[in-house]
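A.B. asks: Please find one structure pasted underneath; my questions will follow.
Residue numbers (this note's numbering): 97 to 241.
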C-alpha cells in the first residue's frame, strides 16, 4: 500500500491491487482540517482517475472521527456529497465505523439517502474493519453484489 499523504489527523493511501483509495482519520479534526483533509483525498482520487481512466473503490476509516458539529454535517451534505458522487463519480464507497451503533445509524441514513438520489449504480455500506470492506469490494468487482 502506497502512502499518498499524512497529516497529524489523517492518512491517505492507495492500494494498487484492488484499486482502493483508503483514508484513515487519526483523531477528531477541526472544521478546517475536515474540509482540507477530505478535499486532499478527493484530489488524490481525481489525479488517479484522470491519469489512469479507471474508477477506484473509496474506503474511509471513521472510527476516530468523533461526532461532527451540525455545521460540519451540513458541509458534508451540501458540498462533500456532490464532490464525492457527482464530480468524482465514486461508485463504491465503504466506511469503517467499528461497532459504534450511533455511527451505524447515521451511516445507514446516509446510505439510504445516497442510494435514493443516485440509484442502484452506487454501492455504499459500512463495515467493522478493513478486511470486511475489502471482501465487499471484491464481491462488487466479481459482480456478485
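Just so it is clear, CB atoms sit at the ideal spot from N, CA and C, and this is done for glycine as well. What you are looking at is a predicted structure, and each value in this text was computed from that prediction instead of being measured.
1. To the nearest whole angstrom, what separates the beta carbons of residue 155 and residue 118, a pair I think is in contact under 8 Å?
2. Within 10 angstroms of its Cβ, does residue 201 collect 16 or more other Cβ (buried), or is it exposed?
3. Quick check for students: name the residue ranges of the beta strand (DSSP E) that lie wholly in the stretch 161-227, counting only runs of 3 or more.
4. Quick check on DSSP: helix, strand or coil for residue 107?
5. Mapping DSSP to helix, strand and coil, what is residue 127?
6. Can you tell me where the beta strand (DSSP E) with residue 113 in it begins and where it stops?
7. Is the Cβ-Cβ distance between residue 221 and residue 207 less than 8 Å?
8. Where do the N-terminal and C-terminal ends of the beta strand (DSSP E) with residue 102 fall, by residue?
9. Rank 127, 180, 162 by C-alpha distance to the C-alpha of residue 153 and give the top, closest one.
10. What span of residues does the beta strand (DSSP E) with residue 156 cover, start to end?
11. Measure the alpha-carbon distance for residue 114 versus residue 238 and round it to whole angstroms.
12. Verify whether the separation of the beta carbon atoms of residue 151 and residue 185 is less than 8 Å.
13. Residue 140: which of 177, 162, 166, 107 sits nearest, CA to CA?
14. Please determine, among 213, 166, 103, the residue with the shortest C-alpha to C-alpha distance to residue 135.
C.D. replies: A quick look at the data gives this:
1. Within the chain shown, the letter at position 59 stands for residue 155. Within the chain shown, the letter at position 22 stands for residue 118. Residue 155 to residue 118, Cβ: 4 Å. Contact.
2. Sequence index remark: in the chain shown, residue 201 carries index 105 (1-based). Burial call: exposed.
3. 188-192, 219-223
4. Here residue 107 is taken as the residue at index 11 of the chain shown, counted from 1. DSSP places residue 107 in strand when its eight states are reduced to three.
5. Within the chain shown, numbered from 1, the residue matching residue 127 stands at position 31. DSSP places residue 127 in helix when its eight states are reduced to three.
6. Mapped onto the chain shown, residue 113 falls at position 17. Unbroken run through residue 113: none, as it is neither H nor E.
7. Taking the first residue of the chain shown as 1, we reach residue 221 at position 125. Taking the first residue of the chain shown as 1, we reach residue 207 at position 111. Result yes, Cβ atoms of residue 221 and residue 207 sit closer than 8 Å.
8. Within the chain shown, numbered from 1, the residue matching residue 102 stands at position 6. Looking at the DSSP string, the run of the beta strand (DSSP E) that includes residue 102 is 98-102.
9. Mapped onto the chain shown, residue 153 falls at position 57. Of the listed residues, the one whose Cα sits closest to residue 153 is 180.
10. As a working note, residue 156 is residue 60 in the chain shown. 153-157 is the span of the beta strand (DSSP E), which, as asked, contains residue 156.
11. For the purposes of this step, residue 114 is taken as the residue at position 18 of the chain shown. For the purposes of this step, residue 238 is taken as the residue at position 142 of the chain shown. So the two alpha carbons sit approximately 12 Å from each other.
12. Taking the first residue of the chain shown as position 1, residue 151 is located at position 55. Taking the first residue of the chain shown as position 1, residue 185 is located at position 89. Yes.
13. If you number the chain shown from 1, residue 140 lands on position 44. Residue 140 has its Cα closest to that of 107, out of 177, 162, 166, 107.
14. The sequence position of residue 135 within the chain shown is 39, counting from 1. The option with the nearest alpha carbon to residue 135 is 103.
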